[in-house]
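Engineer: Chains as they are written, first to last, in our numbering: chain R, 1 to 378; chain W, 1 to 81.
The beta-carbon is built from N, C-alpha and C at its ideal position, and this holds for glycine as well.
What follows is a single structure, and I will ask about it in a moment.
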Amino acid sequence: FTTFPGMPKWRKTHLTYRIMNYTLDLPRDAVDSAIEEALNVWKEVTPLTFSRTDEGEADIKISFAVRDHGDFNPFDGPGNVLGHAYPPGSGINGDAHFDDDELWTRDTSGTNLFLVAAHELGHSLGLFHSADPRALMYPVYNTLIDLARFRLSQDDVNGIQSLYGPPPVSPDDPVAPTESVPSGPETPAACDPTLSFDAISTLRGEILFFKDRHFWRKSLRTLEPGFFLISSFWPSLPSGLDAAYEEISKDIVFIFKGDQFWAIRGTEVQAGYPKGIHTLGFPATVGKIDAALFDKEKKKTYFFVGDKYWRFDEKRQSMEPGFPKEIAEDFPGVDPKVDAAFEMFGFYYFFSGSSQLEFDPNARQVTHALKSRSWLNC
Amino acid sequence: YPVDRAAEDEDSMELVQQYLENYYNLAKDTKPFVRRRDGGPVVEKIREMQKFLGLAVTGKLDSDTLDMMRKPRCGVPDVGD
C-alpha cells in the first residue's frame, strides 16, 4: 500500500459525508446504500465513524459528473477513468467524483458502484494506490470480482490502519472468547457440501451463520470466519434457532425459536424478553417462523413461514395489512421453504438446505445461485 | 496493411504517453516515444508502470501492457505528487 505524499490524514475520527447529486443509472436508495456499504468497509477496520448530512459543508462530498467538472481533472467519457478522489483536507480535499459516463450498477453487469466507491473513499481517507492486485486500492478495476466474497485484503487493512490504527473494542462489543470452538464429531463442518443453516443475521457489518449450538461469525475484513458456541456469547439463548435478523437502525438482533423471540444488543439480551411471536401480529395458526430478513432502505422486515411471507413495518411497529402473500408471487425463483435469509449490498440472500440464492429486490429476480457455504471461504 | 500498422502504432504511442503522464509523473514535454529505442525516460517509466501493475518488466509495449492500459481504472495517479 502507499499513502499520499506527506501522508495527509483526518485529524478526527468522526467524519461527515454528503451525496451532492445522483446518477440516473440507479434508484437513489441504491446509491445511498452503496455509499454507506463502502464507508462501512473502512469503518469496520478503523476507529472512524461516518454520518451523512444533506446540506451545507461535509468532509467528504460525493458527486457524479461528466467530462470537465471544475477541478482541472476532466473525465474522459465511457470507459478508462471511472472516478477519482482527493486526499484528506478542507475544500475539495476528501471529495470523491464518479464519471457519470459509466453505467453504474448494483451488480457487475456494468461498473459496480459499491466497489468503485469503496476504492475512491479509500483515497478520501488518505490511501494512495496499492501494487497488490488483490487489494481494493489496486488502481485497475477488477471486472471479475465476486461481490458475495468481497473483502478488504490484508494490504488494505495494513494501509488504513497505518493511518488510523485498529477499531477500538467497545464495552458492549461481543468480545470473542479466547479461542474458537475446536471442531469435533458433534460440530458442523464449514465446508460440508450439504451444510445448511438454521438462521442467519448481520451484526454491525458482520454476518452470523447459526447452526445447532454454534455459529460462524464472518467479517468482510477477514478471510476465515470465527466459529463459536452460541452459549459463549449469549448463555440464555436456546440452540437450534429458527430465524434471526438485525434491525440495523436500532443496533438490535432479534432471535426466533418456536413461538418466542429475544432481542440482543452486542452480548446483552434485552430485558423483557423472550416475548411471544404473536405480539408481532402473527395469527394463532403460526407456531414458528422459518426465516426473517430486514431491508434497511425500506425499514421493513420480511418473515417467511412455509410458502408464505409477512411484512412488518419497523417504523410503525406493526404487521402490514394484506399479508400473508405467496413467496412465489413476490420473490420469483425463490422456492419455499426458506431456512434462513439476510440482506447485504442491496441484495437478499435466501438459503434452503445446501443451496443459496442471491435475489435482486428491485429487478425482482434471482441473480446468482450459490452453495449455502459460499460465505465461509470454502 | 503497413498504413494500418503505422496508425495502430501511432495510437499505442499516444496511449502510452498519455497514460504515463497521467499516472506515472512523466513530464508533459517529454519527446514522443519511439518504439525501437531501448532507453530514455519513457522506457524507464514503462518499466516503472509494469512493475507497479504486476506485469513482466520488459520496458517494451507488449500486448499485456497495452491491454492493462486499456482497462477501466481510477483516475488518481499511481506514483508521484
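Which residue from R:K299, R:P324, R:F303, R:A328 puts its Cα closest to that of E314 of chain R?
Structural biologist: As a working note, residue 314 of chain R is residue 314 in the first sequence. Minimum Cα distance to E314 of chain R is reached at R:K299.
Engineer: Which residues bound the alpha helix (DSSP H) around V157 of chain R?
Structural biologist: One-based indexing of the first sequence puts residue 157 of chain R at position 157. Judged by DSSP secondary structure, V157 of chain R falls within the alpha helix (DSSP H) whose first and last residues are 154-164.
Engineer: Considering H119 of chain R, what are the terminal residues of the beta strand (DSSP E) in which it resides?
Structural biologist: Here residue 119 of chain R refers to the residue found at position 119 when the first sequence is read from its first residue. No beta strand (DSSP E) contains H119 of chain R, which is instead part of the alpha helix (DSSP H) from 113-124.
Engineer: Use the C-beta contact count for R149 of chain R: other C-beta atoms within 10 angstroms, 16 or more gives buried, fewer gives exposed.
Structural biologist: For the purposes of this step, residue 149 of chain R is taken as residue 149 along the first sequence, with counting starting at 1. It is exposed - the Cβ of R149 of chain R has fewer than 16 other Cβ atoms within 10 Å.
Engineer: With a cut-off of 8 Å, does the C-beta of V57 of chain W fall near any C-beta of chain R?
Structural biologist: Translated into positions along the second sequence, residue 57 of chain W becomes position 57. For V57 of chain W, no Cβ of chain R is located within less than 8 Å of the residue's own Cβ.
Engineer: Can you confirm whether D78 of chain W, when its beta carbon is compared against all beta carbons of chain R, has any partner nearer than 8 Å?
Structural biologist: Numbered from its first residue, the second sequence carries residue 78 of chain W at position 78. Yes - at least one Cβ of chain R is within 8 Å of the one on D78 of chain W.
Engineer: Considering just the uninterrupted stretch of the beta strand (DSSP E) at D295 of chain R, what are its terminal residues?
Structural biologist: Here the question's residue 295 of chain R lines up with position 295 in the first sequence. Looking at the DSSP string, the run of the beta strand (DSSP E) that includes D295 of chain R is 291-295.
Engineer: Let me see if you follow: with CB-CB separation under 8 Å, is L20 of chain W close to chain R or not?
Structural biologist: Start at 1 with the first residue of the second sequence, and residue 20 of chain W comes out as number 20. By this cut-off, L20 of chain W is not an interface position.
Engineer: Tell me, please, which residues DSSP counts as bridged to A328 of chain R.
Structural biologist: For the purposes of this step, residue 328 of chain R is taken as residue 328 along the first sequence, with counting starting at 1. Looking at the DSSP assignment, A328 of chain R forms no beta bridge with any residue, so it has no partner.
Engineer: Closer than 7 Å, Cβ to any Cβ of chain W: which residues of the stretch 81-105 of chain R, in chain order?
Structural biologist: V81, L82, G83, H84, A85
Engineer: How do the stretch 327-341 of chain R and the stretch 155-164 of chain R stand: do at least 3 beta-carbon pairs fall below 8 Å, yes or no?
Structural biologist: The stretch 327-341 of chain R is not in contact with the stretch 155-164 of chain R.
Engineer: Taking the beta strand (DSSP E) that M344 of chain R falls in, what are its first and last residues?
Structural biologist: Along the first sequence, one-based indexing puts residue 344 of chain R at 344. Under the DSSP assignment, M344 of chain R falls in the beta strand (DSSP E) whose first and last residues are 340-344.
Engineer: In whole angstroms, what separates the C-alpha of D68 of chain R from that of D100 of chain R?
Structural biologist: Against the first sequence, residue 68 of chain R aligns to sequence position 68. Against the first sequence, residue 100 of chain R aligns to sequence position 100. Whole-angstrom Cα-Cα distance: 12 Å.
Engineer: Taking all protein chains shown into account, do 16 or more other C-beta atoms lie within 10 angstroms of the C-beta of N112 of chain R, making it buried, or fewer, making it exposed?
Structural biologist: The residue you call residue 112 of chain R lines up with position 112 of the first sequence. Classification of N112 of chain R: buried, given that the 10 Å Cβ count is 16 or more.
Engineer: Provide the residue(s) that pair with D32 of chain R in DSSP beta bridges, ordered along the chain.
Structural biologist: Indexing the first sequence from 1 puts residue 32 of chain R at position 32. BP columns for D32 of chain R are empty, so no partner.
Engineer: Report the residue from R:F312, R:V269, R:T105 whose alpha carbon sits nearest the alpha carbon of A30 of chain R.
Structural biologist: Residue mapping note: residue 30 of chain R aligns to position 30 of the first sequence, counting from 1. Closest option to A30 of chain R, judged by alpha-carbon separation, among R:F312, R:V269, R:T105: R:T105.
Engineer: Strictly under 8 Å for the Cβ-Cβ distance: is H278 of chain R near chain W by that measure?
Structural biologist: Within the first sequence, residue 278 of chain R is the residue found at index 278, counting from 1. Closer than 8 Å: no.
Engineer: Which residues in the same chain as N158 of chain R place their Cβ atom closer than 7 Å to its Cβ, once the five residues preceding and following it in sequence are excluded?
Structural biologist: Here residue 158 of chain R refers to the residue found at position 158 of the first sequence. Here the set comprises F1.
Engineer: Output the residue ranges of the alpha helix (DSSP H) runs that lie fully inside the stretch 226-312 of chain R and measure 4 residues or longer, sorted by chain position.
Structural biologist: The alpha helix (DSSP H) runs of length 4 or more contained entirely in the stretch 226-312 of chain R are, from start to end of the chain, 230-233.
Engineer: Nearest CA to the CA of F52 of chain W: which residue from R:F228, R:F227, R:Q356, R:M137?
Structural biologist: Here residue 52 of chain W corresponds to residue number 52 of the second sequence, with the count starting at 1. Nearest C-alpha to F52 of chain W: R:M137.
Engineer: Under a CB-based cut-off of 8 Å, is M49 of chain W close to chain R?
Structural biologist: By 1-based counting over the second sequence, the position of residue 49 of chain W is 49. Not closer than 8 Å to any Cβ of chain R, the Cβ of M49 of chain W fails to qualify, so no.
Engineer: In chain order, what residues of the same chain lie with their CB nearer than 6 Å to the CB of W375 of chain R, ignoring the 5 residues before and after it?
Structural biologist: Translated into the one-based positions of the first sequence, residue 375 of chain R becomes position 375. Around W375 of chain R: K218.
Engineer: In this structure, does DSSP put E314 of chain R in helix, strand or coil?
Structural biologist: Sequence index remark: in the first sequence, residue 314 of chain R carries index 314 (1-based). In the structure shown, E314 of chain R sits in coil (DSSP, three-state: anything other than H, G, I, E or B).
Engineer: When the Cα atoms are used, what is the spatial distance from E297 of chain R to S33 of chain R?
Structural biologist: Indexing the first sequence from 1 puts residue 297 of chain R at position 297. Indexing the first sequence from 1 puts residue 33 of chain R at position 33. Rounded to whole angstroms, E297 of chain R to S33 of chain R spans 8 Å at the Cα level.
Engineer: In this structure, how does DSSP classify R70 of chain W when only helix, strand and coil are distinguished?
Structural biologist: Working through the second sequence from its first residue, we reach residue 70 of chain W at position 70. Coil, per DSSP.
Engineer: Would DSSP call Y24 of chain W helix, strand or coil?
Structural biologist: In the second sequence, residue 24 of chain W corresponds to position 24, counting from 1. In the structure shown, Y24 of chain W sits in coil (DSSP, three-state: anything other than H, G, I, E or B).
Engineer: State yes or no: is the C-beta of T367 of chain R within less than 8 Å of the C-beta of F347 of chain R?
Structural biologist: Taking the first sequence and counting its residues from 1, one reaches residue 367 of chain R at position 367. Taking the first sequence and counting its residues from 1, one reaches residue 347 of chain R at position 347. Yes, the Cβ-Cβ distance between T367 of chain R and F347 of chain R is below 8 Å.
Engineer: Measuring straight from C-alpha to C-alpha, what distance separates A176 of chain R and P167 of chain R?
Structural biologist: Walking along the first sequence from the start, residue 176 of chain R turns up at place 176. Walking along the first sequence from the start, residue 167 of chain R turns up at place 167. Low local confidence applies: a pLDDT of 46 at A176 of chain R is under 50, so the model's placement there is unreliable, and no value is given.
Engineer: Whose C-beta lies closer than 7 Å to the C-beta of P5 of chain R among residues of the same chain, with five residues either side of it excluded?
Structural biologist: Position 5 of the first sequence, counted from the start, is the residue given in the question as residue 5 of chain R. Closer than 7 Å at the Cβ level, and outside the excluded window around P5 of chain R, lies no residue.
Engineer: So, using beta-carbon positions, are Y19 of chain W and E48 of chain W closer together than 8 Å?
Structural biologist: For this step, residue 19 of chain W is matched to residue 19 along the second sequence. For this step, residue 48 of chain W is matched to residue 48 along the second sequence. Result no, Cβ atoms of Y19 of chain W and E48 of chain W do not sit closer than 8 Å.
Engineer: Helix, strand or coil: how does DSSP classify R373 of chain R here?
Structural biologist: As a first step, residue 373 of chain R is located in the first sequence; it is residue number 373 there, counting from the start. Here R373 of chain R sits in helix by DSSP.
Engineer: Alpha carbon to alpha carbon, what distance is there between G205 of chain R and N40 of chain R?
Structural biologist: Taking the first sequence and counting its residues from 1, the one referred to as residue 40 of chain R is at position 40. Taking the first sequence and counting its residues from 1, the one referred to as residue 205 of chain R is at position 205. Spanning the two alpha carbons is a distance of roughly 7 Å.
Engineer: State buried or exposed for T285 of chain R, treating a residue as buried only when at least 16 other CB atoms are found within 10 Å of its CB.
Structural biologist: Taking the first sequence and counting its residues from 1, one reaches residue 285 of chain R at position 285. Per the 10 Å Cβ criterion, exposed.
Engineer: Do G89 of chain R and E120 of chain R come within 8 Å of each other at the CB atom, strictly closer than that value?
Structural biologist: In the first sequence, counting from the first residue as 1, residue 120 of chain R sits at position 120. In the first sequence, counting from the first residue as 1, residue 89 of chain R sits at position 89. Result no, Cβ atoms of E120 of chain R and G89 of chain R do not sit closer than 8 Å.
Engineer: Can I35 of chain R and A117 of chain R be called in contact, C-beta distance under 8 Å?
Structural biologist: The residue you call residue 35 of chain R lines up with position 35 of the first sequence. The residue you call residue 117 of chain R lines up with position 117 of the first sequence. Contact: yes.
Engineer: In the DSSP assignment, find the beta strand (DSSP E) that holds I140 of chain R and state where it starts and stops.
Structural biologist: Counting from one through the first sequence, the residue named residue 140 of chain R turns up at place 140. The question names Ile, but residue 140 of chain R in the sequence shown is Val. Careful: V140 of chain R lies outside any beta strand (DSSP E) and carries neither H nor E.
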